[in-house]
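Participant: In short: position in the sequence shown from 1, add 1068, done, that's the numbering used here.
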Amino acid sequence: MSLTTFPGSAHAARGPNSLAKVTMPALTEMKRQGKPISALTAYDYSTARLVDEAGIDLILVGDSLAMVVLGYENTLSITMDEMLHHTRAVHRGARRALLAADMPFGSYHGSVSEGVANAVRFVKEAGAEAVKIEGARTELVRALSDAEIPVIGHLGLTPQSLHRMGGYRVQARTAVAVDHLLADALALEQAGAGAVVLEGVPREAAESITAELEIPTIGIGAGPGCDGQILVYHDLVNLTLAPPAKFVRQYADAAALVRAALEHYRKDVEQHAFPSDAESYHLPAAERKPQKNSRDAMRIAATQGKA
Ligand code: KIV
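#1: Please indicate yes or no: does the CB of residue 1130 lie closer than 6 Å to some heavy atom of the ligand KIV?
#2: Using a 10 Å radius around the Cβ and a threshold of 16 neighbouring Cβ atoms, would you call residue 1380 buried or exposed?
#3: For the alpha helix (DSSP H) that contains residue 1328, what are its first and last residues?
#4: How many Å lie between residue 1152 and residue 1144 at the Cα?
#5: Is the beta carbon of residue 1303 closer than 7 Å to that of residue 1316?
#6: In or out: residue 1333 buried (at least 16 other Cβ within 10 Å) or exposed?
#7: Would you say the beta carbon of residue 1105 comes nearer than 6 Å to a heavy atom of the ligand KIV?
#8: Output needed for residue 1292: all residues of its chain with C-beta closer than 6 Å, excluding positions within five of it in sequence on either side, in chain order.
#9: Between residue 1091 and the rest of its own chain, which residues show a CB-CB distance below 7 Å, the 5 nearest in sequence each way excluded?
#10: With distance defined between alpha-carbon atoms, name the residue in 1155, 1274, 1121 nearest to residue 1247.
#11: Run the proximity test for residue 1308: is its beta-carbon closer than 6 Å to any non-hydrogen atom belonging to the ligand KIV?
#12: Going by the beta-carbon positions, is the gap between residue 1256 and residue 1326 smaller than 7 Å?
#13: Once the 5 residues before and after residue 1252 are set aside, which same chain residues still bring their CB inside 7 Å of it?
#14: Among 1271, 1217, 1263, 1148, which one has its Cα closest to the Cα of residue 1242?
#15: Based on Cα-Cα distance, which residue from 1261, 1260, 1289, 1295 lies nearest to residue 1277?
#16: Closer than 6 Å to a non-hydrogen atom of the ligand KIV - does that hold for the CB of residue 1201?
#17: Which of the three DSSP states is assigned to residue 1303 in this structure?
#18: Once you ignore the five residues that flank residue 1181 on each side, which residues in its own chain have a CB closer than 7 Å to its CB?
#19: Check the C-beta distance from residue 1199 over to residue 1168 and give it rounded, since I have them as a contact under 8 Å.
#20: Considering only DSSP beta bridges, list what residue 1222 is partnered with.
#21: Taking 6 Å as the line, does the beta carbon of residue 1265 fall inside it for any heavy atom of the ligand MG?
#22: Skipping 5 residues on each side, what residues in its chain have a beta carbon closer than 6 Å to that of residue 1175?
#23: Who are the near neighbours of residue 1173 in its chain, counting only those whose CB is closer than 6 Å to its CB and skipping five residues on each side?
#24: According to DSSP, is residue 1297 helix, strand or coil?
#25: With a threshold of 16 other CB atoms inside 10 Å of the CB of residue 1342, please say whether the residue is buried or exposed.
#26: Residue 1116 and residue 1183 - do their beta-carbons sit closer together than 7 Å?
#27: Note down, in chain order, each residue of its chain lying with its Cβ closer than 6 Å to the Cβ of residue 1287, except the 5 sequence neighbours on either side.
#28: Can you find the residues in the same chain that come closer than 6 Å, C-beta to C-beta, to residue 1099, ignoring five residues on each side of it along the sequence?
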C-alpha cells in the first residue's frame, strides 16, 4: 500500500487548520507533551465541518444524540442503525479530527464477539476511527484492540447505567469509590484502551487518575485536571433547550439567535417583505410582454377552445 497522502482525498485536512490528521497515538503524544486535548460531540455533516475547521482534536458522535437531536428521554433507546447513520454524516464533514463513535446501549452488552461485530460496522460502514464504550469491559476492549479498533473507555457517570445509578449522579464520592475508579481506569489502559472519558466525578478523583494513566483522560464534569475536555455541542451553543448542568459553559446562545431569525422570517413573509425583487429571478427584458394584453388573448383563446 502507498503511504502517499493525496491532497484532494476525502481526509486531507481542510481550511485554515490544515494541521496534521489527529490519530489515537497522537492523543497519547499530546498527553506526553502536556498539550490539552479539545473534544466535542457532533451529529451531522455541517456541525462536523464547523467543529473540525475550528481545530477541535476529537469529534465524538455521542449517543447523547438520542436526547439532543432525536428527542428521546435518555440514551438507552438509540439503535445501531441510528448511530451509524449519524456517524456517516459526521465522517463526511470531519477531516482533521479523530472521529470516534459511541457504541449504543445493547450493542456490546451481550457477547464479546457481538460487541466486536458491531464495532467493526462503525469502522467499515461509517468511517469511525475509534469507538467509545461505557464501563470497565476489559475483555471487550482487549478483543477490539486485537481487531485493530481503537477504543475510548468511559467511566464515572455512565449515562447508559442510568437505571443502575438511579439517576444522573456524580460518581466516586468516597475514597474507596475513587480507588475502584482508578482500578477500572488502569484495567482499561492495560486492556488496550487509547483514552478514557471521565464523566461526572470529583476533580480530585480525575486528577489522581490522570496522573496515574499513560493514556489521556478526557473530562466532562470532571474538573480542569484531565488531559482533555469534552462537551456536548448542543450544550456549548445553548441548543439543548433545557437548563444546563453545573459543568457546562455556554459559549454562545444559538437558541436565541435562531429564534430571533425564525421570528424575523415569519414576520417578513406575513408582511410581504420577503422575498424582495433582488431575491427574485427575472425574465430577460426581451421576453417581457405587456402582461394585460397577452393575458386577455390567452383567456379568449382558452374560451374558444372549450366552445
Ligand atoms: O454521548 C456523549 O455525548 C458522551 C460524551 C459527552 C462524553 O458520551
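Even glycine gets a Cβ: it sits at the ideal position worked out from N, Cα and C.
Facilitator: According to the structure shown:
#1: Numbered from its first residue, the sequence shown carries residue 1130 at position 62. Yes, the Cβ of residue 1130 comes within 6 Å of a heavy atom of the ligand KIV.
#2: The structure shown does not extend to residue 1380, since the chain spans only 1069 to 1375, so no value can be given for it.
#3: Working through the sequence shown from its first residue, we reach residue 1328 at position 260. Element bounds for residue 1328: 1322 to 1338.
#4: Along the sequence shown, one-based indexing puts residue 1152 at 84. Along the sequence shown, one-based indexing puts residue 1144 at 76. Put simply, the backbone Cα of residue 1152 is about 15 Å away from that of residue 1144.
#5: Along the sequence shown, read from residue 1 onward, the residue named residue 1316 stands at position 248. Along the sequence shown, read from residue 1 onward, the residue named residue 1303 stands at position 235. Yes, the Cβ-Cβ distance between residue 1316 and residue 1303 is below 7 Å.
#6: The sequence position of residue 1333 within the sequence shown is 265, counting from 1. Counting every other CB atom within 10 Å of its CB across the protein chains shown gives residue 1333 a total below 16, marking it as exposed.
#7: Residue mapping note: residue 1105 aligns to position 37 of the sequence shown, counting from 1. Because no heavy atom of the ligand KIV lies under 6 Å away, the Cβ of residue 1105 does not count as near it: no.
#8: For the purposes of this step, residue 1292 is taken as the residue at position 224 of the sequence shown. So no residue of the chain qualifies.
#9: Taking the sequence shown and counting its residues from 1, one reaches residue 1091 at position 23. So the list reads 1166, once near-sequence residues are dropped.
#10: Stepping through the sequence shown from its first residue, residue 1247 is reached at position 179. Selected option, being the one with the closest Cα: 1274.
#11: To locate residue 1308, count along the sequence shown from 1; it is residue 240. The answer is no for residue 1308.
#12: Counting from one through the sequence shown, the residue named residue 1256 turns up at place 188. Counting from one through the sequence shown, the residue named residue 1326 turns up at place 258. Not a contact, by the Cβ cut-off of 7 Å.
#13: As a position in the sequence shown, residue 1252 is number 184, starting the count at 1. Cβ neighbours of residue 1252 beyond the five flanking positions: 1204, 1223.
#14: As a position in the sequence shown, residue 1242 is number 174, starting the count at 1. Considering only alpha carbons, the answer is 1271.
#15: Along the sequence shown, read from residue 1 onward, the residue named residue 1277 stands at position 209. Checking every option, the nearest Cα to that of residue 1277 belongs to 1295.
#16: Taking the sequence shown and counting its residues from 1, one reaches residue 1201 at position 133. No, the beta carbon of residue 1201 sits no closer than 6 Å to any heavy atom of the ligand KIV.
#17: Position 235 of the sequence shown, counting from 1, holds the residue named residue 1303. It is helical.
#18: Along the sequence shown, read from residue 1 onward, the residue named residue 1181 stands at position 113. Answer for residue 1181: no residue qualifies.
#19: Sequence index remark: in the sequence shown, residue 1199 carries index 131 (1-based). Sequence index remark: in the sequence shown, residue 1168 carries index 100 (1-based). Rounded to whole angstroms, the Cβ separation of residue 1199 and residue 1168 is 7 Å, and the two are in contact under 8 Å.
#20: Counted from its first residue, the sequence shown places residue 1222 at position 154. Bridge partners of residue 1222: 1202, 1265.
#21: Looking at this structure, you won't find the ligand MG anywhere; what it does contain is the ligand KIV.
#22: Numbered from its first residue, the sequence shown carries residue 1175 at position 107. Excluding residues within five positions, the ones whose Cβ falls inside 6 Å are 1148, 1186.
#23: Here residue 1173 is taken as the residue at index 105 of the sequence shown, counted from 1. Hits under 6 Å: 1144, 1228.
#24: As a position in the sequence shown, residue 1297 is number 229, starting the count at 1. Look at residue 1297 here: in three-state DSSP terms it is strand.
#25: On the sequence shown, position 274 is the one that residue 1342 refers to. Of the residues assessed, residue 1342 falls on the exposed side of the cut-off, its CB having fewer than 16 other CB atoms within 10 angstroms.
#26: The count along the sequence shown starts at 1 and reaches residue 1183 at position 115. The count along the sequence shown starts at 1 and reaches residue 1116 at position 48. It is not a contact, given that the beta carbons lie outside the stated cut-off.
#27: Numbered from its first residue, the sequence shown carries residue 1287 at position 219. 1266, 1274, 1294, 1297.
#28: Looking up residue 1099 in the sequence shown gives position 31. Here the set comprises 1284, 1295.
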